[in-house]
Amino acid sequence: MRFTRLGRYGPVISNIGLGTLALSGAYGAVEPGDALNLIGRALDAGVSIVDTADLYDDGQVERLIGRAVAGRRQEVVVCTRGSGTAQACEASLKRLDVEAIDLYYLRSPSRDAPVEESMSGLADLVRAGKVRHVGLSDGTLHQLREASAVHPVAALGVEYSLWGLRAQPGLLAEARRLGVSVVAARPVGRGFLTGRIRSADQLAPGDWRRGDPRFHPDGLRRGQDPLRAVEDVAARLDLGAGRLALGWLLSQGDHVVPVPSTRDEVHLEMNLSASEVRLAPGIRDELSRIFPPGTADQSDSLLL
1 MRFTRLGRYG PVISNIGLGT LALSGAYGAV EPGDALNLIG RALDAGVSIV DTADLYDDGQ
61 VERLIGRAVA GRRQEVVVCT RGSGTAQACE ASLKRLDVEA IDLYYLRSPS RDAPVEESMS
121 GLADLVRAGK VRHVGLSDGT LHQLREASAV HPVAALGVEY SLWGLRAQPG LLAEARRLGV
181 SVVAARPVGR GFLTGRIRSA DQLAPGDWRR GDPRFHPDGL RRGQDPLRAV EDVAARLDLG
241 AGRLALGWLL SQGDHVVPVP STRDEVHLEM NLSASEVRLA PGIRDELSRI FPPGTADQSD
301 SLLL
């Protein structure tokens, strides 16, 4: 496992983390015991950043993480998302059963409302010792600048993969300029970039991906040719397509930290093995050209 720093002043973390949306049942049922075992396996493998949100399964995933990190607290940077109010933070602290949240993201701030007030509240939580570092989830370029003027922002959470980037133009460049880590959610395109999902018929009736236009027949059809091109590059490098997709993100800079989510221990091991992938600039650029703008239509649902 390779390591990087969270933001400009944050802790050293593994360069791949564990996302936890899959542990909420969004992509299929998962038993709590299996979810606990998976988190434990990730920590045993050297993962030191676990990323979640208070909305996941109505807070149950935060409770799972609290149980999983008990006795291993010093090994883990625990990240969660919430409304940014003291009440929401206290509720997450209780569910996680921790004294302080290592990284607390302001979740999806309104684009029509100034972000300074919310960030001031988060700064108060830092001063109170409830939160160690502050993040912004799904913010705009203007909001990132506004937030950073109030309090240092350690991380920006955004959907980011070969298949698509849900971010305002210039946002990632500004994050890098400000020393803000980019926590890349859905880094393998909700499984699409692994090549395992060719038809919506493969998805269970309650799978959240059924509500994502990219997994409707037309969306999947548009993605097939670019996906085959990615698989061809992966074959040349003797890599799986999903591992290559994660390697591409890592090649964007040390400030980019993918947090793939899975409920399968085999897939977990495959994801984490990408930590050591190093792509030559020519390969990185070739991959960047494969998916043209508009290939992956974004859903209107919340990302994180």
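Residue numbers in the sequence shown follow UniProt numbering, run continuously in steps of one, and reach 304 at the last position.
No residue lacks a Cβ here, since even glycine has one placed at the ideal position from N, Cα and C.
Mapping the DSSP letters down to three states, classify residue i as helix, strand or coil.
i: F192; result: helix
i: G206; result: coil
i: A42; result: helix
i: L36; result: helix
i: Y104; result: strand
i: F215; result: helix
i: L287; result: helix
i: S92; result: helix
i: L55; result: coil
i: L220; result: helix
i: S24; result: helix
i: V98; result: coil
i: residue 366; result: What is shown of the chain runs 1 to 304, which leaves residue 366 out entirely.
i: L64; result: helix
i: A184; result: strand
i: G10; result: coil
i: G82; result: strand
i: G19; result: strand
Here's the rule: buried if 16 or more other CB atoms are within 10 angstroms of the residue's CB, otherwise exposed. What is residue i?
i: D232; result: exposed
i: F3; result: exposed
i: M1; result: exposed
i: T87; result: The residue you asked about is not Thr; residue 87 is Gln in the sequence shown. Looking at its Cβ environment, which holds fewer than 16 other Cβ atoms inside 10 Å, Q87 is exposed.
i: G28; result: exposed
i: A296; result: With a pLDDT of only 48 at A296, under 50, the local geometry of the prediction cannot be trusted, and the value read off the model is given with reservation. Result: buried.
i: S120; result: exposed
i: N15; result: buried
i: S275; result: buried
i: E159; result: buried
i: A35; result: buried
i: A113; result: exposed
i: S92; result: buried
i: T218; result: What sits at residue 218 in the sequence shown is Asp, not Thr. Classification for D218: exposed.
i: V230; result: buried
i: V61; result: buried
How many whole angstroms separate the CB atoms of residue i and residue j, which I take to be in contact at a CB cut-off of 8 Å?
i: R107; j: R63; result: Going by Cβ atoms, the distance from R107 to R63 rounds to 18 Å, so no, they are not a contact pair.
i: residue 318; j: L272; result: There is simply no residue 318 to check, as the chain begins at 1 and stops at 304 in what is shown.
i: S118; j: G157; result: Wrong, their Cβ atoms sit about 15 Å apart, outside the cutoff.
i: G17; j: V47; result: 6 Å
i: V115; j: A147; result: 5 Å
i: L122; j: V131; result: 6 Å
i: I49; j: C89; result: At roughly 19 Å, the Cβ-Cβ gap does not stay under 8 Å, so I49 and C89 are not in contact.
i: G25; j: D57; result: 6 Å
i: G82; j: Y104; result: 7 Å
i: G240; j: F192; result: Not quite, the Cβ-Cβ distance comes to about 14 Å (not below 8 Å), so this is no contact.
i: H142; j: D102; result: Not a contact, Cβ separation roughly 27 Å.
i: A42; j: L268; result: 6 Å
i: P226; j: F291; result: 5 Å
Using 6 Å as the cut-off, classify the Cβ of residue i as near or not near the heavy atoms of the ligand SAH, replying yes or no.
i: L36; result: Absence of the ligand SAH is noted for the structure shown, with no ligands found whatsoever.
Three CB pairs or more closer than 8 Å across the stretch 158–165 and the stretch 242–260: yes
Sequence ranges, beta strand (DSSP E) only - wholly within the stretch 226–276, length at least 3: Complete beta strand (DSSP E) runs here, min 3: 256–258.
Within the stretch 111–181, ranges of the beta strand (DSSP E) (whole runs, at least 3 residues): 131–137 and 153–161
The stretch 1–8 contacting the stretch 148–159, beta-carbon criterion three pairs below 8 Å: yes
The stretch 203–223 in contact with the stretch 167–186 per 3-pair CB rule at 8 Å: no
Sufficient close CB pairs (3 or more, under 8 Å) joining the stretch 187–204 to the stretch 283–290: No, because fewer than three Cβ pairs between the stretch 187–204 and the stretch 283–290 fall closer than 8 Å, the two stretches do not touch.
Any 3 or more C-beta pairs closer than 8 Å across the stretch 51–70 and the stretch 269–283: no
Segment contact, 8 Å Cβ cut-off, at least three pairs: the stretch 73–80 with the stretch 121–130: No, because fewer than three Cβ pairs between the stretch 73–80 and the stretch 121–130 fall closer than 8 Å, the two stretches do not touch.
contact_flag[the stretch 173–188, the stretch 259–274] where n(CB pairs < 8 Å) is 3 or more: Yes, since at least three Cβ pairs between the stretch 173–188 and the stretch 259–274 fall closer than 8 Å, the two stretches touch.
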